[in-house]
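Take a look at the structure below.
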Amino acid sequence: MVELIYPPDPQALLPPILACLPTAFAAVRPPPALLPLLTPILRQRLQLSLDPRGNWLTLLCWDPSLAETLKDHVENSVFDPHPVSGEIEIGDVRSMTYKRLDDETLKCQLSLEEWNFTPIFLWCSGGDEGHGWKLAEILPGPERDDSWAASIAKANESAKDRIVDEALQEADAAQSGRGESLSRAEDDYWAQYDQAPSETPTQQASAATGQQPASDADYYARYAKVQPALDNDDPDEEVAKTTESTLREHSSGQDQRGYQPSRDRVEETDGTVGADKTDTNVKVLQPVPDSPRSRESIDAIARLEDKAERYNASEMGIRQHISTSMKSMYRLAKSVGMERDEFERIVHRELETLSIFDRDD
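Residues in the sequence shown are numbered consecutively from 0, following numbering that gives the first Met the number 0.
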């Protein structure tokens with residue numbers, strides 16, 4: 000249901016308000032007759048934020064920088080009642096402009112010819128007092144920006160255009176903000192390589208390298224005690240092999256029942272054969288360095304984590320983009336007067352058509 004809003008009547012609204020303003024210089028509190036003429040929020044401000052040492056006229060202006068100027072303008076004004084009616088004459092109204100802030104907020108600005116201040120009224124609907132215009136604030140001068148319109152209809156049209164522009168700007172700002180956040184996250188990822196050490200840490204060759212040698216002779220003498228990693232002639236391994244072979248020969252000697260001279264003759268006449276056989280049975284034990292796979296594992300884990308992080312960031316960005324787009328479309332539809340049910344039917348119809356693309360895929 001569209002609410003009928005009529006223009007304010009200056010001759011009915013302003014005289015009782017003008018009659019209450021001079022009492023601010025004689026009384027600490029505003030007169031009770033002024034409170035019903037104010038908007039609920041301005042009425043609460045006068046009742047709760049009142050300073051006994053100050054002037055309540057400054058509370059009628061929401062801008063603190065203009066409050067003192069308003070008090071000076073009211074103090075320098077002349078409030079003479081009419082000799083016959085006893086009411087204060089408001090004179091001519093220079094202009095009456097309107098501003099629509101949203102669906103529930105409509106303001107009206109009255110520019111007066113004979114007064115140095117400008118009252119601003121707000122359309123209030125509902126409540127115990129019914130519908131009507133209430134005083135929202137008093138300014139020391141009129142606002143001359145382009146947001147004020149000459150009629151209520153033009154104010155409504157200007158508000159619709161402004162709502163659409165704000166919705167589009169909000170969507171663009173949200174999209175650019177997501178792009179900047181993703182770019183910043185990517186920059187942080189590549190910046191980690193600048194913080195990594197340039198050289199691979201190596202293990203110390205000896206546990207005693209941290210100690211300072213007494214002389215050069217002592218320093219080089221330590222190399223005689225170190226077994227090279229690729230040296231096949233290890234004394235410790237030879238002692239172990241000798242002990243093991245002695246035990247095996249002793250056990251095999253007990254099992255032999257007779258002497259085999261033919262075997263000795265073959266070994267004596269053909270020494271090369273025995274040497275080749277001995278060389279064939281020798282097992283060379285060399286340390287085989289392990290392949291450096293730890294670095295590859297770390298790189299693989301890092302790539303997987305980076306891929307998961309990028310997927311989560313992309314999914315979150317897509318969800319936010321869908322949500323913002325739906326809100327923008329709903330505001331756009333609402334600004335042109337489309338009902339919520341009609342908007343939902345359009346959205347459901349478009350979602351049903353997506354099944355065609357699913358079948359094509």
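Ideal Cβ positions, reconstructed from N, Cα and C, are used throughout, including at glycine. Predicted model, so just to flag it, every value in this text is computed and none were measured.
Between the segment 51–68 and the segment 18–32, the count of Cβ pairs shorter than 8 Å is three or higher; the stretches touch.
By the neighbour-count criterion, in which 16 or more other beta carbons inside 10 Å mark a residue as buried, Glu-179 falls on the exposed side.
When secondary structure is reduced to three states using DSSP, Cys-19 falls in the helix class. Of the other Cβ atoms in all chains shown, 16 or more fall within 10 Å of the Cβ of Lys-133; this residue is therefore buried.
Here the alpha carbons of Trp-114 and Asn-75 stand approximately 10 Å from one another. Of all alpha-carbon atoms in Asp-340, Glu-88, Met-315, Ser-146, the one lying nearest the alpha-carbon of Lys-98 is that of Ser-146.
DSSP, read as helix, strand or coil, puts Phe-116 in coil. Leu-350 and Arg-309 have their C-alpha atoms roughly 28 Å apart. Distance from the CA atom of Asp-186 to the CA atom of Ser-313, rounded to whole angstroms, is 16 Å. Under the three-state reduction of DSSP, Thr-96 is assigned to strand. Lys-306 counts as exposed, since fewer than 16 other beta carbons sit within 10 angstroms of its beta carbon. Under the three-state reduction of DSSP output, Pro-82 falls in the coil class, being neither helix nor strand. The segment 313–324 makes contact with the segment 162–176; the number of CB pairs closer than 8 Å reaches 3 or more. Straight-line measurement puts the Cα of Lys-153 at about 16 Å from the Cα of Val-163.
The DSSP-derived three-state label of Gly-316 is helix. Shown here for Pro-6: same chain residues with a beta carbon closer than 8 Å to its own, the five before and five after excluded, namely Met-95, Cys-107, Ile-151 in chain order. Per DSSP, the unbroken alpha helix (DSSP H) holding Ala-216 starts and ends at 215–220. For Trp-55, the three-state secondary structure derived from DSSP is helix. Beyond the five residues adjoining it in sequence on each side, Ser-110 comes within less than 8 Å, by CB distance, of Val-92, Arg-93, Ser-94, Met-95, Thr-96, Thr-117, Pro-141 in the same chain, given in chain order. Taken atom to atom, the span from the alpha-carbon of Leu-121 to that of Thr-104 is near 7 Å.
Taken through DSSP and simplified to helix, strand or coil, Glu-136 comes out as strand. In the DSSP assignment, Ala-26 forms no beta bridge with any residue. Excluding sequence positions up to five before and after His-130, its CB lies within less than 6 Å of the CB of Ser-124, all in the same chain and listed in chain order. Here Leu-20 really is in contact with Val-73; their C-beta atoms are around 5 Å apart, less than 8 Å. The DSSP-derived three-state label of Ile-4 is coil. Per DSSP, Ile-321 has no beta-bridge partner at all.
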